[in-house]
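Visitor:
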Amino acid sequence: MVVDPGQLRLLALIERHGSLTAAAHALQLTPAAVTQQVAKAERDWQVPLVIRGPRGATLTAAGALLASHGRTVEEASDKAKTQLAALLGHLSLRLRIGTFQAAALHLLPPALTALRHRHPDADVSVIDVVSGRGADEISAGRLDLAIVASWGTPLAPPSHLRAHSLLLDPMVVVLPYDHPLATGQPADTELHLEQLRDESWVSILAGHAAREQFHDAARKAGFTPTVRFETESYDVAQALVGTGIAVALVSRLALTHAPGTTHRELAHPRSYRQLYAVTKTDASLTPLADMLIDLLRDVARDITATWEAPLQEKHRSSDSPHGA
1 MVVDPGQLRL LALIERHGSL TAAAHALQLT PAAVTQQVAK AERDWQVPLV
51 IRGPRGATLT AAGALLASHG RTVEEASDKA KTQLAALLGH LSLRLRIGTF
101 QAAALHLLPP ALTALRHRHP DADVSVIDVV SGRGADEISA GRLDLAIVAS
151 WGTPLAPPSH LRAHSLLLDP MVVVLPYDHP LATGQPADTE LHLEQLRDES
201 WVSILAGHAA REQFHDAARK AGFTPTVRFE TESYDVAQAL VGTGIAVALV
251 SRLALTHAPG TTHRELAHPR SYRQLYAVTK TDASLTPLAD MLIDLLRDVA
301 RDITATWEAP LQEKHRSSDS PHGA
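Heads up: the sequence shown runs through residues 1 to 324, numbered per our numbering.
(1) In whole angstroms, what is the alpha-carbon distance linking His349 and Leu253?
(2) Please determine whether the Cβ atom of Glu194 lies at a distance below 7 Å from any heavy atom of the ligand FAD.
(3) Is the beta carbon of Ala111 less than 8 Å from the beta carbon of Leu275?
(4) Determine the direct distance from the alpha carbon of Gly184 to that of Ala324, and round the result to whole angstroms.
(5) DSSP has Gln274 in a bridge; who is on the other side?
(6) For His117, which of helix, strand or coil comes out of DSSP?
(7) Closest to Arg116 by C-alpha separation, out of Ala182, Arg301, Ser233 and Ala289, would be which residue?
(8) Taking Cβ to Cβ, would you say Gly70 is nearer than 8 Å to Leu49?
(9) Would you tell me roughly how many angstroms separate the C-alpha atoms of Ala67 and Asp4, rounded to the nearest one?
(10) So Gly98 is in the beta strand (DSSP E); what residue range does that whole segment cover?
(11) Name the one or two DSSP bridge partners that Pro109 has.
(12) Mark Arg9 as exposed unless 16 or more other C-beta atoms lie within 10 angstroms of its C-beta, in which case mark it buried.
(13) For the segment 249 to 263 and the segment 278 to 293, state whether three or more C-beta atom pairs, one from each stretch, are separated by less than 8 Å.
(14) In whole angstroms, what separates the C-alpha of Ala80 from that of Ile147?
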């Protein structure tokens, strides 16, 4: 027969409390329901287990034997509850984050600082993860939240994951500081991509979404770019631009202001990469994840306002009757 731990626990409670009514109260059941369970247990075990009397209930020898195992079940149940509560308490304070370099430098630190002020006992860890691996690391249970980027198309994770939009990160042109388009025009001049049709380019490696976005933008601008240097890193791309041998399209958040370089905003339509925080769809065990997402969005709004302020000022000046 299949042993029902609930029956063992019921017998232990009857033995402890001395009545079916008291056992029913402990189990938050009606006395009638407990009577039915006792009858079923006696049928299952094929032996009398409980002796009912005017002053309550006692156990037969068989019932007492089974009740001793019921006490073990109760002890194990109480231990499990205690350990689960401790685990959930730990998980509620744990947050394992994965992010790529630009977000780790500019987006995450202010948000983490605010989180630590609110929860100084938080158990936070951060690892460097490329965007394409973030969702996989969460699915594998190694991360609770990943900051990832998507180029050109909205992120569409599987149903067990959720993507929380954080920031539109515009692509900008990085030029050698002595490039004619850098020296011959004001620093706030917006460039059209077709103005760079004859340039040599440093680009992200083929096969990456950023590279596909770049080629798509160039195609819409009417040219095929001459890519002479390829890299996985925007930092490397900007360092190469600083040598004067090429130009590059780089995310605004990833700008390093490398020696020998300057940058110009692109005129509309601009290319962007979209930054997301990815979590499990059910993030109830990691409540700090939702809090961090709200803080990341606050930081993202501040960053966006900083980027847009010069452009807004320029447009106000150009619209003014006294503007140049």
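Even glycine gets a Cβ: it sits at the ideal position worked out from N, Cα and C. All values derive from a computational prediction rather than experimental measurement.
Guide: Taking the coordinates as given:
(1) No answer is possible for residue 349: it lies beyond the span of the chain, which begins at 1 and ends at 324.
(2) Because no ligand of any kind appears in the structure shown, any question about the ligand FAD cannot be addressed here.
(3) no
(4) Bear in mind that a pLDDT of 40 at Ala324, under 50, signals an unreliable position, so the number given afterwards is only what the model happens to contain. Going from the Cα of Ala324 to the Cα of Gly184 covers about 17 Å.
(5) Ser150 and Leu168
(6) helix
(7) Ala289
(8) no
(9) 12 Å
(10) Arg94 to Thr99
(11) None; Pro109 has no bridge partner.
(12) buried
(13) no
(14) 35 Å
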